[in-house]
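Quick mapping for you: the protein sequence lines, in order, are chains H and Y.
Oh and the first sequence: position 218 is 230 in this note's numbering, straight run, nothing missing.
Oh and the second sequence: position 129 is 130 in this note's numbering, straight run, nothing missing.
Each residue gets a CB set at the ideal place from its N, CA and C atoms; glycine is no exception.
Treat the numbers as computed from the prediction; the structure is a model and nothing was measured.
First comes the structure, then the notes that go with it.
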Amino acid sequence: MKAVFKRPHALKDVSMHYCPGCTHGIIHRLVAEAIDELGIEGRTIGVSSVGCSYNNYEYFNCDMVQAAHGRAPAVATGIKRVNPENVVFTYQGDGDLAAIGTAEIVHSAARGEKITTIFINNAIYGMTSGQMAPTTLIDQVTTTTPYGRKPELHGFPIKVCEMLATIEGAAFIERVSTHDIKNIINAKKAIKKAFQVQLANMGFSIVEVLSSCPTNWGMNPVKALSWIRDNMIPVYPLGNYKGKDLEV
Amino acid sequence: MGEKLLMKGNEVIAEAAIRAGCRFYFGYPITPQTEIAHYFAKRMPEVGGTFLQAESEIAAINMVYGAASAGARVMTSSSSPGISLKQEGISYISGAELPAVIVNIVRCGPGLGGILPAQCDYFQAVKGGGHGDYKMVVLAPCSVQELYELTVEAFNIADKYRIIAMIMGDGVLGQMMETVEFKEKEEIITVDKNWAVTGTRMKRENNVITSIYINPEVLEKHNQKLQQKYKIIEEKEVRVEVFNCEGADIIVSAFGTVARIVKNVIKMAEKEGIKVGLIRPITLWPFPNEAFEKYAQVPKAFLTVELNAGQMLEDVKLALNGKNETYFYGRMGGMLPTQREILDEIKRIIKK
Ligand SMILES: Cc1ncc(C[n+]2csc(CCOP(=O)(O)OP(=O)(O)O)c2C)c(N)n1
Ligand code: SF4
C-alpha cells in the first residue's frame, strides 16, 4: 500500500500540550513538512521563544535552542553567524515578537539576517492567561483590557508585516491564516518559500500566521476559527508584503 | 620568545581573545571599553572572524548565547550600565551551561553615574546580579600583561566548565598603555562540544540548549549539578597573589588597579618601618579564602581598600570568620585613593 499521508519526520511522534482547537499544533506541522520537503532537517536549528510554544524543542526533530522572551532573533543571529550553512528559524508569539522583542526582530530584519521567523499572531498573550498583546484588536476584551482595548488608553494594534516591509534587509514577508483548509495550504507554501529564501541567502524572511487561542478568547474551537476570519483578517490583511516574485 | 609591544589595555583584551581562538564578538558601545570593539572591528575580518555591533546590550548577549550554543568561542564586552542590561542573558547562559567570556570595564554608578574607574560592580559579578543561583568565574587583572594572560585563560576556563568567565577591570586598566609580551603560541584547551547545536546531519538525536525545566524535581537536580560544578571550580581555579605577607604587621587586601597603588604604599611604609602585606585576589569568584585563613593571625589587622563602599570587604570578613579585625577604606564616584591616604589609614589602624 502507498502511504499518502504521514507524520513529517521533522516532527517527533509525541503528543503536544496545546489546548484543544489551538492552531499552534497545525503550524508546527507545516514547519515540519516544509523542512522535510526541502530535505534540510539535518542542518536546521530552531529557536523557541517564550509563550505557549516555549517547549517546541520537544516536538521538532532538529537541534533546538530555547531563548529568553523576545530574544530569539538575536540568538538566531549568533547561531547563523557561527555556521552560515545551518538553516535557522525562530518560532515566536506576538507578545514575544511584537512587545518585548520588537528591537530584536526589527534589527535582525534590518541586518538582513539570513534567518526565518515564524510569527504566531493570536492577538493575545496565551501562556500567561490572556493579557493584551500588541496585536490585540480594538475593543477586544482581555484580562488586562477588561473593558476592551481602547486606542486612547492602550494604543493601536501593531501590524508587523506592514512595519517590517519598510525595512530593506527583509527579503520575504507574508501573512497567512490557519482558519480553513485553503488558507492552511497557503500558509504551508509561504513557510516553505520563507525557508527557500534563506537557503538562497537572500535575507531575512518572516511568515506571520494568524492563529487561534480558543482558551483565552473564551470560545469553542469552531467559533475561534471563524473569529480569525471575521475579526482578525480585516485588521491583518492576508497576502505577500515583500518578495512575492523572488525566484527561489 | 614572543613579541613585546606597547599597547592599550582594552586593545590587549581583544588581541588576547583572538589569540585564544575567539572568532565571534558581539557588543554595543559604552565608555570606557569601546576600544575593544574598535579593535575587533578591524581585526576580525583579518582572521576570518565576525564582529557585529548589536542594537543593544540585550541583543549582544543573546547573540553570544546563540553563538555559544553553536559551539563557538565567543565574547562580549561592556561597562557597568551595559552589564546590567546583559544580566538577563547572563542568567540564561549560566542556566543553559554555555561557555562564554564577558568583559566588564567597570565605571562608577549607580545609574548612569560617570565614566571614571570604579569597582562598584563587585557584588553584581560575584554574588549574581541576574536571577537564579548561578556563578561566574570572575577574573580581576591588575596590569596590561595580566589582561592578556587572563583573557586567554578565561576562554579555557569557560570551555572547560561550560561557564561564563568574566574579566573585571576598570577604566584605568582599560585605558592605560603598558608593554605586553605575547607568547608565540597560546595554550588553548580543546574540549568536545558534542552538546552544541550544529545540525543533526541525520546522524544523532537532536541537541537541545535550554534553561527551562518546568518539573521541580528535574530543576532541583539541574541546580544541584550546577552547585557541584561550582564546588569543583572553588577547589581548582582559585588564583591569588600573596605579596610581602610573611612577618607583616598588617595585611591589605585589594584587587585590580587598587592593588597597584597598594604595592607602592608597601614601599612607602617600609621606609617608615611598617611591614605591610598584600593579598590580591585574582579570582574574585572563586574567592581565595585559604590565603586569608593562612595569614589570619597577622599581629595588627586587615585593611581592605576598594573603589566602592566596601563590597569585597564582606568576602574578606567571611574568609577571616572573626579571627582578626577588618578595616575598610574606599573611594567612590571615580576618585582614586592616593598612596598617602592609604598609608595614613594603615598608621591609624596600627596605633589603635
Ligand atoms: C522577561 C519575561 N517577562 C515575562 C514573562 C512571562 N511570559 C511568559 S509567556 C508570555 C506571553 C507570551 O505571549 P505570546 O508571545 O503572544 O505567545 P502565546 O503564549 O500567545 O503563544 C509572558 C509575558 C517571561 N517568561 N519572561
Ligand atoms: S492558551 Fe491559547 S495559544 Fe496557548 S495553547 Fe491554549 S489555545 Fe493555544
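Spatial distance of residue i from residue j (CA atoms)
i	j	result
Ala292(Y)	Phe124(Y)	21 Å
Phe72(H)	Ala68(Y)	20 Å
Thr51(Y)	Asn105(Y)	20 Å
Thr35(H)	Ser223(H)	6 Å
Glu247(Y)	Glu342(Y)	24 Å
Ser79(Y)	Ser57(Y)	11 Å
Gln229(Y)	Asp134(Y)	12 Å
Gly113(H)	Ser141(H)	19 Å
Ala80(H)	Met167(Y)	21 Å
Asp122(Y)	Arg108(Y)	8 Å
Leu117(Y)	Ala42(Y)	24 Å
Pro233(H)	Thr154(H)	18 Å
Thr327(Y)	Gly257(Y)	20 Å
Phe184(H)	Ala206(H)	6 Å
Ala182(H)	Gly215(H)	6 Å
Ala38(Y)	Glu307(Y)	28 Å
Lys237(Y)	Glu97(H)	38 Å
Val48(Y)	Asn195(H)	48 Å
Gln120(Y)	Val243(Y)	20 Å
Ala177(H)	Met144(H)	24 Å
Leu337(Y)	Val259(Y)	8 Å
Met252(Y)	Phe303(Y)	One point to set straight first is that residue 252(Y) is Ile, not Met, in the sequence displayed. So the two alpha carbons sit approximately 5 Å from each other.
Val173(Y)	Gly115(Y)	14 Å
Lys348(Y)	Cys143(Y)	25 Å
Asn198(H)	Pro163(H)	32 Å
Lys318(Y)	Asn290(Y)	10 Å
Val127(Y)	Ser85(Y)	13 Å
Gln152(H)	Tyr137(H)	13 Å
Gly331(Y)	Glu273(Y)	23 Å
Pro20(H)	His40(H)	10 Å
Asp316(Y)	Tyr162(Y)	23 Å
Asn309(Y)	Gly112(Y)	14 Å
Cross-strand partners of residue i (DSSP beta bridge)
i	result
Thr201(Y)	Answer by DSSP bridge pairing: none, since Thr201(Y) is not bridged.
Val219(H)	Ile130(H), Glu186(H)
Gly251(H)	Arg187(H)
Val259(Y)	Bridge partners of Val259(Y): none, in fact.
Val260(H)	DSSP lists no partner for Val260(H).
Ser79(Y)	Asn105(Y)
Thr339(Y)	According to DSSP, Thr339(Y) bridges with nothing at all.
Arg281(Y)	Glu242(Y)
Trp196(Y)	Bridge partners of Trp196(Y): none, in fact.
Gly58(H)	Met76(H), Phe101(H)
Phe303(Y)	Ile252(Y), Thr327(Y)
Gly170(Y)	Ile106(Y)
Val138(Y)	Ala166(Y)
Distance between beta carbons of residue j and residue i, contact taken as under 8 Å
i	j	result
Ala121(H)	Thr147(H)	Between Thr147(H) and Ala121(H) the Cβ distance is about 17 Å, and since that is not below 8 Å, they are no contact.
Glu186(H)	Val219(H)	5 Å
Ile117(H)	Pro85(H)	5 Å
Ile210(Y)	Gln208(H)	No, Ile210(Y) and Gln208(H) are not in contact; Cβ-Cβ is about 26 Å, not under 8 Å.
Pro287(Y)	Val239(Y)	5 Å
Met169(Y)	Ala141(Y)	5 Å
Ile280(Y)	Val241(Y)	7 Å
His166(H)	Leu237(H)	Not a contact, Cβ separation roughly 26 Å.
Ser189(H)	Leu149(H)	Rounded, the Cβ-Cβ distance is 14 Å, inconsistent with contact.
Ala46(H)	Lys200(H)	7 Å
Tyr40(Y)	Ser212(Y)	Tyr40(Y) to Ser212(Y), Cβ: 31 Å. No contact.
Residues near residue i by beta carbon distance below 8 Å, same chain, minus five either side
i	result
Glu174(H)	Tyr253
Pro226(H)	Cys31, Pro32, Gly33, Cys34, Asn232, Pro233, Lys235, Ala236
Gln340(Y)	Ile262, Asn265, Val266, Met269
Ala1(Y)	No statement about residue 1(Y) is possible, as the shown extent of chain Y runs from 2 to 353 and does not include it.
Neighbourhood of residue i by C-beta, 6 Å cutoff - its chain only, sequence neighbours within 5 removed
i	result
Ala297(Y)	Leu321, Lys324, Asn325
Leu314(Y)	Thr305, Phe329
Gly105(H)	Gly63, Ile132
Ala18(Y)	Met76, Thr152
Gln88(Y)	Gly130, Gly131
Gly124(H)	Gly181, Gly215, Phe216
Tyr231(Y)	Lys136
Cβ-based neighbour list, residue i, same chain, cut-off 7 Å, excluding 5 preceding and 5 following
i	result
Gln34(Y)	Asn11, Ser78, Ser79, Ser80, Val104, Ile106, Gly175
Val181(Y)	Leu6, Met8, Val13, Val145, Gln146, Tyr149
Gly72(Y)	Lys194, Ala197, Thr199
Asn213(H)	Lys126
Is there contact here, the segment 94 to 103 of chain H with the segment 126 to 137 of chain H, by at least three beta-carbon pairs under 8 Å?
-> yes
Decide if the segment 208 to 224 of chain Y is in contact with the segment 94 to 101 of chain Y; the criterion is three or more beta carbon pairs, one per stretch, under 8 Å apart.
-> In this structure the segment 208 to 224 of chain Y lies against the segment 94 to 101 of chain Y, because at least three pairs of beta carbons, one per stretch, are closer than 8 Å.
Three or more beta-carbon pairs under 8 Å between the segment 49 to 68 of chain H and the segment 194 to 214 of chain Y, yes or no?
-> Between the segment 49 to 68 of chain H and the segment 194 to 214 of chain Y there are three or more C-beta pairs closer than 8 Å, enough to call the two in contact.
At least 3 beta-carbon pairs within less than 8 Å: the segment 156 to 163 of chain Y vs the segment 181 to 197 of chain Y = Output reads yes: the segment 181 to 197 of chain Y touches the segment 156 to 163 of chain Y.
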